Structures are given as C-alpha cells and as structure tokens.
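Contents: one structure, followed by commentary.
Residue numbers (my numbering), protein chains in the order written: chain A, -6 to 576; chain B, 52 to 477.
Structure, rendered in structure tokens:
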C-alpha cells in the first residue's frame, strides 16, 4: 500500500523541517514533530462514527482500496489552504496537535468574531426613494427643490454604497484574520454558485441582505439554500423575476435554477424550464426590498416538470428538484471541484453524491467526510489548485496580518477581475487556469506591491509635465495606468501603512542568516513548497539588495526602516511568485 | 506609477531579453510542455507563412459598451415621430452633419463625416437581433458569442475564428485586445489572446533588481522535467508569465519605436488605436484587434452632453487613426467594425435621458468598404411593445460580412448558422 505523503525531495516542506523551525520559535505552541498518525479506514470510520454528523458507513465503504494518510505539516497546510486561507507556522503546529478530526471539527464550528447582529442598514426609503430608485409619490422629497432632490439621490447612493463596502471590508477582515475560515470559504463558494450582480440589482440593500443570509447558512443545508434562493429579493431582481407573471412568465430564474443551481445542463428539457417558470410566478421583490408572494400573479394551474404533473408552487418545485437523482451529483461535483481543484472521478463523485443524499443535503457531514478522506490528500490534489484573485489576496493578508479597507478592496477588484457582487456572468467566476490570462499574475503582484507600500503614485508635477510635453503615448500611459494609479493614490490618501510587524515573527522563527531567512519566509508565506530554484533566487536577491541599501550581512532583527522595507520588498516578491498562486 | 526607484527603459528591455532566453529554453522543452496542462503552447515568434497570414487583412472590433444611442448617432431628422419622441434630445436637420436628405451624423462626428463622404464609412442601420434583451451583460454576451444562449454556448465568435480557421497557427499575437478587461468574444483557452493596455502593463512593478529576481524565479526550472501535478501546474503558470514577458518586450519595441503620421489625442482610447496602428505597421501578424470605449449608458439628465463627449472621443481617435494610416499599405489591410450591445429606447425618459432599447447602427470603416447607408432604418413610429426599434438586419449578417468578405473565414461554424453577408465590401 502506498502512503499518500510521497514528497518531492529537497525542499523544507518535507521531513519535518518546518517543525524544526517551529521548535526554534519558542513563542508558538510547541509542536510535536514526531506526531505522525496513520489513519487506516477502520480507525477513521470508528472514530468518525462517534461524532454527530459524521458520514455514514455507506458513504465510506466505497473507498477501494483503503489508503492511509499521514497527518503531517503537508496535510495540515493542505486542509488549511482549502478550508481556510492558508496556515501560518503557528496554525500548522496547532493543527498537528489537534489531529485531523480535531482540526476539521474546529473549522466546522469556528465562529470567533463575526458579529451576528448586523448593523442597522440604511434603506432607500429613508431617502424618499423606493427600491427601483423611483421617488415615492408621498415622499417629502417632492417638497424640495430640484437641486435638493438631486443631492438627496446622491446621498442615498453614497450611503448605500458605503454600507456595501463596509460589509466587504468586514468579510475580508474575517478571512484575513482567519476568524471563521471554512464558513468564509464556503460563503465565497455560494457567492459564485448563486451569483448576483450589483450591475443589475441597483440597490445594495438587497445584496447585503442576501450576503448576510448566505454567510449565515454557508455551512448549513443546501436544501435550505435552494429554497431560500427562489425567494431571495436580490436574486428575484437579478434574474428578472420581478417582471414575471401568470400572463408572461419570465424563464430566466427557472432556467438558472435548473441549469446552474440544481441539475446542470442536459438533465432537463426546454419544456421543464417553461413549466418551472410558471411555478415561480408570483415570487416578487416588494418595494421595500423584502420578499412578497403575489397570488394574483401566480399561475396555480397544473404543470408538468421532470415527468411529474401537479400544481407546483416554488416550494413544491424545489422539493421536486431536490428529489432528482442528478441534484446531489451536481452539487457534489461543484463542491469537489471547488475543494480539490479537479473534476472528480465518476466513482468518487457517486460516493460524495450519496453522502449528500444520505445526509439530506447537510453540508457539515459532507465537508467532514472530505477532510478525513485520504484521497483528499493525494499528490494530484495537494498544492495544485489555482487561487482566485480574492483568495490570493486573502492568503497574503492572512500571512502578513494585513487588513485592507473596503475602498482598497473595491478598487483592487477592478484590476484583479474579481469584485464583490460582480461576477463575469450568471455562471459565476472562472476556476483554475481560466483565471490566468497573460497578465493576471502581474496584475496580482502589482496590487500586492501597492498594498505593501512598494509603489508610489506618479508625482503630480511629473503627471503635468507628461500631459503637456511628451509624446502622446506616454501621456496616455499616465492616464491608462489609471486603475493602479488610483489604487495607490487611494492608499496614500488614507495614509495606509501595511502595519504588519514582520520582524517580530522573523525573530520568533529562529532564522538568522540570509539563506535561513529566505527559506523561512518561503515556508511561512507560500501555500506550498517553493520550486527548487526559488530559495537561491530569493537569497541571491537579498544579497544584491544588501549591497544597494548598504545593509550589513546578518543583523536581520535590528529595528530600522531599511530592514522593514527589505522585508516588505521580499513579501512583494514572494507573494508574486507562481508558487503563491497554487494552494 | 513608479516603483520607489525609477525604472530605466533600457534596463527593462534588457530584462525583457532575459525573458526571451527563458522562452528559448521553453521551446527546447516543447515535448514536456505538451505533456503538461492544457494544449501545447507556442512561443510568440513569427511562425512560417501560414494560411492565416495569406491575405494579411485585419479586423478592428470596436465595442461601444453601455448601449450607444443610435438615434443620436445617425439622426433620422426628417421623421416627425423622432422629433415627437425626443423633445429635448432631438437634433434639428441643420444641427447634424449631412449624410443624405433624411439622415445626418451627430454634430461631433466631423471625422466620420469626412470619411463618409470619402466613401470610407458604411453604416448599416437597424442592426440587432430578434427578441431583444435589455440587460447590458446578456445582450453583450449575445453579441460576443453570436448566439442566443450567450456564454453557455461556448467561446466567443472571435475566439472561434482563432480556434477554428486559424487553429493551427501558433502565433500568440494573431488576436490582441488593447484595453482593460478583455471582451468575452476574444476569450480562448486554447489560444489565449494577448491583452494589454500599454506595453508596460505587462510588467511586474518593482526595482530593476526585483524585476530580474522575479523573472528568474518565474522562468526557473523550465529545462527540468515536470514530474508531479504541482510541478506541471507551476510550469504552466510560468509559461503564461513568459508569454507576457515575450509579448511585453516585443510590444514595447513596436509601440515605442512607432512614429505616427498624425497626432493622436492624449486619451487612453486614442492610445489604444495608436497601438493598433503601430502593430499594423510592424511585422506582427495580428489579424484581430479588439478595443472598447465604455460609458454609453446614458439614462440620465446628462445624456446630451455625455453622449456628445463620448462620440467626440470616438471621432477624434478614429480621425487620428485613419489620418495616420492614409496612403500606407496598412490602410488597405484594415477594416474597423463599431458596434454596441443595443440602442436606446425611442422615447426619452422623464430625466431627459434614454433607457435601454434595441437595434442601432453598426459602422464599418476602411478603404475596402462600399461607403454609404446600408440596410433599412427601423421605423421610429412603428415600435415594439416596449417602445423600441425593431431591428431590420441581424447583427450576425454584419459578422458574416466581416468574416467571409474580409478575413476570408467561413462564417457558418463561427456564427452557429448561415447568415448572408451584406453587399458592403469590395
């Protein structure tokens, strides 16, 4: 029997050297480097059976042959990469101590800091406007002059937008702090699964409400989510349900419900779409942004959907979809692709579809089964998934202890191609290598450079000189550089300081020479082992920087600006490496 | 934008050359690249003569995103229904630039007006598709894919050309997008188009030493065999980085050494067309160019001034572009297609703007066109149930014209059906 922890030779990840570094770092929990547990199927099964919500035996019997896996730094980091936003050395040490079950159970229950009671939201009604930004007839709005009315609309938009950015900032901070990592990872998944865009849903209020709901339910039940999404005011607007009536059923929501939310293409007919659209008529977004059912607009007649004829309403329709054999398969496939970064093998897909079915679409048992599945730790899966831009940024911010603000995140999203509530299409964001256009890694690196204070805005004088004197192309370049330039100016305007005290962590690491420091930073910051040549390139660069900055060898821990800058420059370089995008 | 220490052009170009070395190294290991993720990758060097280069004709696809108001672009100024529907937005006949007795161009379109009378502008009126949709994104998807189902139907129409008729041609520069986000029409996994705003966009910003370290790390191990899945993925990411480094060096050389014959206005959109001209003038084999001018979504009270500003920007840039090309070989090789995902509602709204509508003029510009008005103007009085123009020419006929009559590419597979080309070209 092959052990899952085959590892390429020659990098620090293998062979407990990370633990060696951690042992030197006495500040952290003292890990037990020798703690290696072999998990046979039997042990796994009996252990997990004792835990409520554990996968039932039927799901696990499908594993042939029963492999085993080693709970080492590689495995812990893998689980933290996929179920969270990467692991620092201290977190990996803790995971080693907890063991696989302890760690996944903690991830499934973590809820350290998210505020359950959301701040009161401003609503458009507060500004005399309804949810379609149409002025209310009765509003005091009409007593004002045109200029005042315009100002009121503007105020409403600013407030609406700010509360949206504030939410994004809080969510991102939760990711960066790793407060509730698996919930946040799953929220990101559902955000891409049940996509909704602010370019269609004009008011952020409903989007904020949708997000709060998705995050609350992210680890709950898919069945509840599916029931909820056909009554979600933002979704109803996004997919044109507001214009759907008995006389003119709109097929948009019905189509995506079948194609993207429950069954997948090829498992329904056009007739099913049309009939499902009839079942969904009457579901509306009320003018105050809440859900309402208009019985007058609902088609109560019999419909034939997926070989059954009855007077479906939205509840009955969703129950019927959940009962389809294809439904758990579709959801399991999307989840496995998300967590493993690969298209699942048919047998594996069947097994996980069964877990979903048996657990009545509860997500915790599914995720627990996956986290304890030796196959989840196979070489094909570990360290091979391309991070999305938000994930990459969150990984970096987590490792560097940085919490950017909503305005930065918003502007960075434009450059990175992944913005909060702005999916490229109803199908959600790309996956895997689809993210990597020719300039994607460069864009990501530049955004991090800005965040780390490595870039400065073009001085005003230069911009003016450029705009008046030089060739058109250079003048245009100053303007075209807009996105990144604006990002840097935003940070400068807000007196942004990356803030992270990298030196303190470095001191705890025990690394002292340039080579040790390079090795430690690569270990600590990258979500997987560096490529063979990378440590040499990085320590070589440190040497050349020492020369240009006039720094003496050694003495990494001296408190001075030059060394802090050097560490930031190293962070910029390391988080821009190809290795930083695979986790 | 600058790194704390200013970057020196020469150092950058030298670093670019280092990238080229890495590419040679990658080419030597072609066999292993082929065993890696996805399709085999090719370096961006000009290949031997291939079918795609035979005619050398190039298509510039210019997207006016946001829904351009067609009725204010090509004004039906003799139509009473038009004047009734647009009490504040209308143009009187004498305000427009005369095209025919019935039509006039928006007053800002002076260069296009000149091109029209030189027989270089063909306007196809009433271009759209059946059962219009009023979401920017869904309508745009339909235009991008030439299919009702949008992205769900697969790659965009330009990507289908790249993957189909030109599928054997490894030249990465065959399709180029100049601007921010690349439109879906260009998106191909097998033949990723080069996308940039300015050449220095394809640049990781840092000190020259950092940049060298980054390049080295990005190209490291390319000669070694990728054994594990992780190594294969890393090599794939490095390959994509190398692509941009090679393209960056070449694009920087082409765009920076270019000496235009006219003055381009100092605007990003004009700069994009300047880069198109530079590439047309170079030995690059680019045949599809994509550029985007955004912000045409003029719902509000500022429509009149905002739309005028946008059209003026379009006109300045195209004016400079064609003045630059005048009398060159490139002038004979280029066709520009301007389109927008939909027009605006016929009747103006209460805030003196216009809402999303349907159908509008598509403009074709170049030495090869049969200038004048084509197609049929949709009736302004006989609108559909939503108050929108009813299209008279399917947009896929315009595409078919560009594909078959200009690029020499069979259109049926690209468009997912047979659409008759229009008698507009040569």
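C-beta atoms are modelled at their ideal positions from N, C-alpha and C, and glycine is treated no differently. Bear in mind the structure is a predicted one, so any value in this text is a computation, not a measurement.
Cross-strand partners of residue i (DSSP beta bridge)
{"i": "residue 276 of chain A", "result": "A:286"}
{"i": "residue 383 of chain A", "result": "Per DSSP, none; premise fails for residue 383 of chain A."}
{"i": "residue 518 of chain A", "result": "Note: residue 518 of chain A sits in no beta bridge, so no partner."}
{"i": "residue 246 of chain B", "result": "B:228"}
{"i": "residue 302 of chain A", "result": "A:297"}
{"i": "residue 176 of chain B", "result": "B:426"}
{"i": "residue 156 of chain B", "result": "B:125, B:148"}
{"i": "residue 575 of chain A", "result": "A:379"}
{"i": "residue 412 of chain A", "result": "A:415"}
Any C-beta of chain A under 8 Å from that of residue i
{"i": "residue 255 of chain B", "result": "yes"}
{"i": "residue 246 of chain B", "result": "yes"}
{"i": "residue 261 of chain B", "result": "yes"}
{"i": "residue 90 of chain B", "result": "At residue 90 of chain B, the pLDDT of 32 sits below 50, so the modelled position is not reliable and the matter cannot be decided from this model."}
Interface residues of chain A facing residue i [CB-CB closer than 7 Å]
{"i": "residue 202 of chain B", "result": "418, 420"}
{"i": "residue 252 of chain B", "result": "432"}
Contacts that residue i makes with chain A (C-beta to C-beta distance below 8 Å)
{"i": "residue 345 of chain B", "result": "The premise fails here: residue 345 of chain B is roughly 12 Å from chain A at the closest Cβ pair, so nothing lies under 8 Å."}
{"i": "residue 243 of chain B", "result": "430, 431"}
{"i": "residue 233 of chain B", "result": "430"}
Chain B within 8 Å of residue i, Cβ atoms only
{"i": "residue 28 of chain A", "result": "Residue confidence for residue 28 of chain A is low, a pLDDT of 33 falling below 50, so the modelled location carries little weight; the figure read from the coordinates is stated next. Closer than 8 Å: no."}
{"i": "residue 189 of chain A", "result": "no"}
{"i": "residue 538 of chain A", "result": "yes"}
{"i": "residue 442 of chain A", "result": "yes"}
{"i": "residue 460 of chain A", "result": "For residue 460 of chain A, the predicted model reports a pLDDT of 43, less than 50, meaning its position is unreliable; a value from the coordinates is still stated below. It does: the Cβ of residue 460 of chain A has a partner Cβ on chain B nearer than 8 Å."}
{"i": "residue 403 of chain A", "result": "no"}
{"i": "residue 199 of chain A", "result": "no"}
{"i": "residue 509 of chain A", "result": "no"}
{"i": "residue 64 of chain A", "result": "no"}
{"i": "residue 377 of chain A", "result": "yes"}
{"i": "residue 325 of chain A", "result": "no"}
{"i": "residue 524 of chain A", "result": "yes"}
{"i": "residue 527 of chain A", "result": "yes"}
{"i": "residue 438 of chain A", "result": "yes"}
{"i": "residue 180 of chain A", "result": "no"}
{"i": "residue 289 of chain A", "result": "no"}
{"i": "residue 521 of chain A", "result": "yes"}
{"i": "residue 541 of chain A", "result": "yes"}
{"i": "residue 534 of chain A", "result": "yes"}
Under 7 Å from the C-beta of residue i: neighbouring residues of chain B
{"i": "residue 372 of chain A", "result": "279, 280"}
{"i": "residue 562 of chain A", "result": "261"}
{"i": "residue 185 of chain A", "result": "By Cβ distance, chain B contributes nothing, its closest Cβ being about 15 Å from residue 185 of chain A, past 7 Å."}
{"i": "residue 530 of chain A", "result": "264, 267, 268, 271"}
Residues that residue i contacts on chain B, provided the C-beta gap is smaller than 9 Å
{"i": "residue 575 of chain A", "result": "281, 284, 285, 288"}
Closer than 9 Å at the beta carbon, the chain A residues around residue i
{"i": "residue 240 of chain B", "result": "426, 427"}
Beta-carbon neighbours of residue i, restricted to chain B and to distances below 8 Å
{"i": "residue 565 of chain A", "result": "257, 261"}
{"i": "residue 192 of chain A", "result": "187, 188"}
{"i": "residue 570 of chain A", "result": "265, 268, 269"}
{"i": "residue 518 of chain A", "result": "Neighbours of residue 518 of chain A on chain B: none; closest Cβ ~13 Å, over 8 Å."}
Under 8 Å, CB to CB, which of the residues in the segment 408 to 434 of chain A have a partner in chain B? 410, 417, 418, 420, 426, 427, 429, 430, 431, 432, 433, 434
What residues in the segment 264 to 298 of chain B have a beta carbon less than 7 Å from any beta carbon of chain A? Among the residues of the segment 264 to 298 of chain B, those with a Cβ less than 7 Å away from any Cβ of chain A are 264, 265, 267, 268, 269, 271, 272, 279, 280, 281, 284, 285, 287, 288, 289, 291, 292, 294, 295, 298, in the order of the chain.
Give, in chain order, every residue of the segment 182 to 196 of chain B whose Cβ lies closer than 8 Å to some Cβ of chain A. 186, 187, 188, 192
Cβ-based contacts, 8 Å cut-off: residues of the segment 68 to 84 of chain A near chain B: Per Cβ criterion, the list is empty.
Beta strand (DSSP E) segments (min. 3 residues) lying fully within the segment 248 to 298 of chain B: none
Which complete beta strand (DSSP E) runs does the segment 385 to 446 of chain B hold, if anything under 3 residues is left out? 385 to 390, 411 to 416, 423 to 426
Which runs of the beta strand (DSSP E) at least 3 residues long sit entirely within the segment 291 to 358 of chain B? Give them in chain order. 339 to 344
Counting only runs that start and end within the segment 147 to 207 of chain A, where is the alpha helix (DSSP H) found for 4 or more residues in a row? Taking only runs of at least 4 residues, the alpha helix (DSSP H) segments lying wholly in the segment 147 to 207 of chain A are 174 to 186.
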